[in-house]
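*Asks:* The structure follows.
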Amino acid sequence: MTVASQRVQIVLYRLQAQEAAVSRAAQRPLDERAHLASAQDRTRSITAEIQMAEDRASHTQNAAERKELDDELPRLRSRLEGFRKDEQNAEAGVSDAENALKREQQQLTSLQDFLDQLDKVLSGLAPQ
């Protein structure tokens, strides 16, 4: 095997490895978006729960029920803050995953360009 053919084999191996890396990196934004959607659903749900509790608290005539709702609202608001933090983290995860995918795609493009250049050089060396 010549040095040139060994070099081509190495580049092809790197190209295959990079294609696999791009494939893995392409899945991560999908996973992160699903996580974000789940976090957003939890935020919407607890927000609705808080609104209902506030409405009930403002309209109830029963002192015991009013106290129970007044005690529950801080817990609900605390959960909401946690869900909002989860949502922010999920948004950052989506952004990070998309950036990582772009980097992997750029590396793949660079390898493909190099392989194209190598092909042109080798075709110029081939006996006519």
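Heads up: the sequence shown begins at 17 in this note's numbering, then just goes up one per residue.
No residue lacks a Cβ here, since even glycine has one placed at the ideal position from N, Cα and C.
(1) Given a threshold of 16 other Cβ atoms within 10 Å of its Cβ, counted over all protein chains shown, does V137 qualify as buried or as exposed?
(2) Answer with buried or exposed for L85, where buried requires no fewer than 16 other C-beta atoms within 10 angstroms of its C-beta.
(3) Three or more C-beta pairs closer than 8 Å, one from the stretch 63–73 and one from the stretch 90–104: is that the case here?
(4) If we ignore side chains and look at the alpha-carbon of each, how far apart do A37 and E48 end up?
(5) Answer yes or no: do E103 and T59 have a C-beta to C-beta separation smaller than 7 Å?
(6) What is the DSSP secondary structure of Q77, reduced to helix, strand or coil?
(7) Should A28 go down as buried or exposed, given a rule of 16 or more other Cβ atoms within 10 Å for buried?
(8) Just mark V19 as buried or exposed, buried being the case when its beta carbon has 16 or more other beta carbons within 10 Å.
(9) Between A42 and L117, what straight-line distance do the alpha-carbon atoms span, to the nearest angstrom?
*Replies:* A quick look at the data gives this:
(1) Mapped onto the sequence shown, residue 137 falls at position 121. Counting Cβ neighbours within 10 Å, V137 comes out exposed, since fewer than 16 surround it.
(2) Here the question's residue 85 lines up with position 69 in the sequence shown. Buried, by the Cβ-count rule.
(3) yes
(4) As a position in the sequence shown, residue 37 is number 21, starting the count at 1. As a position in the sequence shown, residue 48 is number 32, starting the count at 1. Taking the straight line joining both Cα atoms gives about 17 Å.
(5) Within the sequence shown, numbered from 1, the residue matching residue 103 stands at position 87. Within the sequence shown, numbered from 1, the residue matching residue 59 stands at position 43. It is a contact, given that the beta carbons lie within the stated cut-off.
(6) As a first step, residue 77 is located in the sequence shown; it is residue number 61 there, counting from the start. Q77: coil per DSSP, three-state reduction.
(7) As a working mapping, residue 28 is identified with position 12 in the sequence shown. Contrary to the premise, residue 28 reads as Leu rather than Ala in this sequence. Looking at its Cβ environment, which holds fewer than 16 other Cβ atoms inside 10 Å, L28 is exposed.
(8) Here residue 19 refers to the residue found at position 3 of the sequence shown. So V19 counts as exposed.
(9) Mapped onto the sequence shown, residue 42 falls at position 26. Mapped onto the sequence shown, residue 117 falls at position 101. Straight-line spacing of the CA atoms in A42 and L117 works out to 6 Å.
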